[in-house]
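A quick write-up on the structure given underneath.
Residue numbers (the numbering used here): 40 to 1213.
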């Protein structure tokens, strides 16, 4: 018997269950040692032992080698492995219980000093300030790191002060809460002895948001301000959210104390961010991928409140790590800076039952105080209040919320983990917006009930008049379950008191004696009351539908990347609930998703697929069924039902899709026609078991592999063996013929790729990485290049004839399940480890698109003959995608270090500037360089063509440079001053508008080069655009877009901020639409008539440098910062057509679980009626 292994519980998960089954197979085989097993296969004993350890799922070749060594059925065990792979991929990333280098949404504590990096300069500044000032205030935006700076930065400095006599007698940390003086008075008295006592008041804004008593607030401030007394032993440091700084002026002595004792927490610099990202990981022996560091800095730089977002995203990246390296792919899988919190929160929320979901909503809303002219804030809440407000035991749910790091729980209090959760989780933000007024009323009701109880339930403290009417409206009897027992008693007692007082007043009033008059009055009052009630009900219902529609639209946007199917269905429900601007934009965004059809094959996974020469799609299913599909309509054309003996579940298609090879239970390969499933030829192997690996281009030769690792060639017409190249006899896991059939490439269990000329026998040179090896590979259709992926997930493309490396995609994160070139070889589709499929431009190495939606691993890829369609197969069926991205857009040679670009107004030319300041003008149709401009536009941030395309302008630090676009000769220079970010010509070409980083907009006469007029806005200008009539100038800054009326030089209107900086603007030819490209990789189309968003265009992979409408406004083209040229068709379908198109593509409705989670109060009407299904 072999050595004893650690016990496994097969119920733990799919990986453990598979390992347990392997052990059972070994035991049934007599329990051979792993050393003895290794003698029969090409893997070492250690590798076989690891396969059954249960730590991770072994690769398929290793698993099958284990099975062969134990005499198992390879076909059956391949089925088991694939099922385990599907199940394992569906599991969330585990929390290994280790100590993360990053706290996530939690703050750094004093014990975290060793991993607190990036704020060294600010810690020194704060320490110097508090040494000089007895009362100091730290001011910064929410999420700027104030709490961490005080705890992990200042407190260790105070404790380690030298000489020792300067160290504090005590350090006390507190937050004000609702009753700051009553609760914290003892902490404001100095400790015994001669040394100072330091009081650190974090979240000082609670004094204004939670404490409603002016007397309580004033008393607390007076106690704190004793610190300014020179003979006192109390020193105070407070942290305050920046938007509450003005409230300090309400107290004269406080304003005087902080006048010269304030330190502003600014956003981190790049080098500080780099330290905060890399050094905590390095302290634990971890490595942060350079690409990840650069991406995080790019995502977070300049965001004053982004540190908790960054910390949470890095923590989630750490949870997903494989080994010691934190990678960009893991960061993107976590959702990145702007999506990780929502990803975590949604993952938690979607795992709850319907009852738990409702309770979670009530709990979280109790933890929030809605802002009054300021941002919403968190509200630390007594645990007893939460427990009193729910009938069920909330302890387990609170524990789950805490484990998910969404809340913090101590003995008495529950609090949001961070205020960033309020803005970063769309669902919570939507809840707040939907219930904002009720939340305000609820907070007031909570405080009033507590005060009433403290006063011995004095009747004088009850609600009366308008306050009672407001509370009664917000909490009718059916909503009383949302109140605690105390709140419910307070409100009920107030209502009963009002009723009793009304009856007493009625008795004291003279009764009307005339019965007819009384009846008439009653009738009139009844009619009026009925009419008012009906109108109020209609208005209330409409308002509720609008709020619900907006909430659903927000959920749809949040789910677009992770669950596009669900996002599209929610977009339909949002529009049907109420056709708000947000719902309409969401509907058109969903309709523009690249999914064309979702093909359901019952419950059977699909493991491979192929297009035949006429574009029909053929799929092979795990249920041993072949299906033929119309790829245009998604219709099922026919099926061929097999049996397990036929082996359809592991089929190999010929290049034209008309033939497939399968291995049955008897180990014999059968060549079949895909139209009928009829057997054409049978091929029997020398060892009794063969696996089909590759057809040649004509389908006349089949390469096969054996369990022993040898490779054999067969004639598919006769089934007879052909001469097998000696150099490839040990390769048997993958193979491919070049299109001319002259060369065969193959990969064996040793993960070494070999290629051999079949005629001469020459082995072609090909570099192999001895450490990583090759997991998957594919040839370009012309056979000139070969793409391979290794254990790191990187993809390398090599010249087939020389082996020379042509391109490396280091951040491809490829799995071992799929690589495919488009028919023209210009696009490579790669299956990612996150179950998405990414399309890469082979010439530039740039990402063209990411296709997500499969609920498990993607097992098969195939391009249609014309390359416009991609089909993917997985455990949840097949999907047909429109990948006709940018067809008709010419290939233009764009410098890798391009800093800016712009199209000419007619779209015929493209001007670009590289990192050296060299500006080139290229023909947009051919990509040929027309002119290279003389001189250099050093530090230029923007380019602009004149309306006739004859002149090109560039704005740099202080000047606007003008060139002749045809010859490249310099024309003139306009000297202005200021860091110019934007330049644009007026439609008639007579005026040049410029915008700088300080917010100044200048209108310059092109002839005289003098400034005609100046405009100013608060934030810096990043993009400008004239309306076609020249009457309006659109200017964007850090978010909002201002529309200037140039006749009066005044603001016409301001378009709401999308939450991200806007980098490019363009008006449609008719002036009815303004396109705005944002830093969140979207382009929003604004309706100029309503000032509302009409649609949101997605699919971008980098910031946009330039936007251009075509002449009739039906097409919009964008140039991205990475050089990608992207084009959208803007002719929108009618909403009904959009809904019909979405339903045809999805071919499904909401599941019962999805409906219970997202539409618990909605009717059971189908979102996609049967007649709309494809």
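Backbone N, C-alpha and C define an ideal beta-carbon position, used for all residues, glycine too. Being a predicted model, the structure only gives us computed values, none of them experimental.
query	result
C-alpha gap between residue 764 and residue 751, whole angstroms	8 angstroms
Option nearest residue 1176 by Cα separation, candidates 1131, 1089, 626, 1164	626
Cα-Cα separation, residue 860 to residue 1169	29 angstroms
Reduced DSSP category for residue 671 - H, G, I as helix; E, B as strand; rest coil	coil
Length at least 3, wholly inside the region 280-359: the beta strand (DSSP E) runs in chain order	301-303
Rounded separation between residue 58 and residue 66 - CA only	12 angstroms
Top-ranked residue by Cα proximity to residue 653, from 482, 637, 695	695
Residue closest to residue 417, alpha-carbon to alpha-carbon, out of 317, 459, 295	459
Alpha helix (DSSP H) segment containing residue 165, residue limits	159-171
Reference residue 283, options 158, 790, 76, 176, closest by Cα	176
Per-residue burial, residue 46 [other beta carbons within 10 Å of its own, 16 or more giving buried]	exposed
Residue 1087 versus residue 223 - alpha carbon distance	57 angstroms
Where the alpha helix (DSSP H) containing residue 371 begins and where it ends	367-373
Distance, residue 539 Cα to residue 559 Cα	Residue placement at residue 559 is flagged as unreliable, the pLDDT there being 38, under the threshold of 50; the coordinate-derived value follows with that caveat. Going from the Cα of residue 559 to the Cα of residue 539 covers about 27 angstroms.
Sufficient close CB pairs (3 or more, under 8 angstroms) joining the region 475-486 to the region 442-451	no
Residue 968 versus residue 960 - alpha carbon distance	6 angstroms
Simplified DSSP state of residue 222, which is helix, strand or coil	helix
8 angstroms Cβ cutoff, residue 142 in contact with chain D	Given the protein chain composition of this structure (a single chain), no chain D is represented.
Beta strand (DSSP E) runs contained entirely in the region 439-482, provided each spans 3 or more residues	446-448, 452-455
Which listed residue (300, 1184, 742, 181) has its alpha carbon closest to that of residue 168	300
Any non-hydrogen atom of the ligand ZN within 7 angstroms of residue 74 CB	With respect to the ligand ZN, the structure shown offers nothing to examine, as it has no ligands at all.
Alpha-carbon to alpha-carbon, residue 612 and residue 338	32 angstroms
Assigned exposure category for residue 355 - 16 Cβ within 10 Å defines buried	buried
Residue 455 beta carbon less than 8 angstroms from that of residue 425	no
Whole-angstrom distance between residue 1042 and residue 941, CA atom to CA atom	20 angstroms
Contact between the region 234-247 and the region 270-285 (3+ Cβ pairs under 8 angstroms)	yes
First and last residue of the uninterrupted alpha helix (DSSP H) at residue 1183	1174-1185
The region 390-399 in contact with the region 354-373 per 3-pair CB rule at 8 angstroms	no
Enclosing beta strand (DSSP E) for residue 994 [first to last residue]	990-994
Boundaries of the alpha helix (DSSP H) in which residue 1193 is found, first to last residue	1191-1197
Spatial neighbours of residue 56 in its chain, beta-carbon cut-off 8 angstroms, leaving aside the 5 residues before and after	49, 50, 123
Residue 361 to residue 948 span [Cα, whole Å]	46 angstroms
Residues near residue 86 in its chain [Cβ-Cβ closer than 7 angstroms; skip 5 each side]	101
Exposure label - residue 1046; buried when at least 16 CB within 10 Å	exposed
Extent of the continuous beta strand (DSSP E) to which residue 950 belongs	948-952
Pair within 8 angstroms by beta-carbon distance, residue 1109 and residue 1069	no
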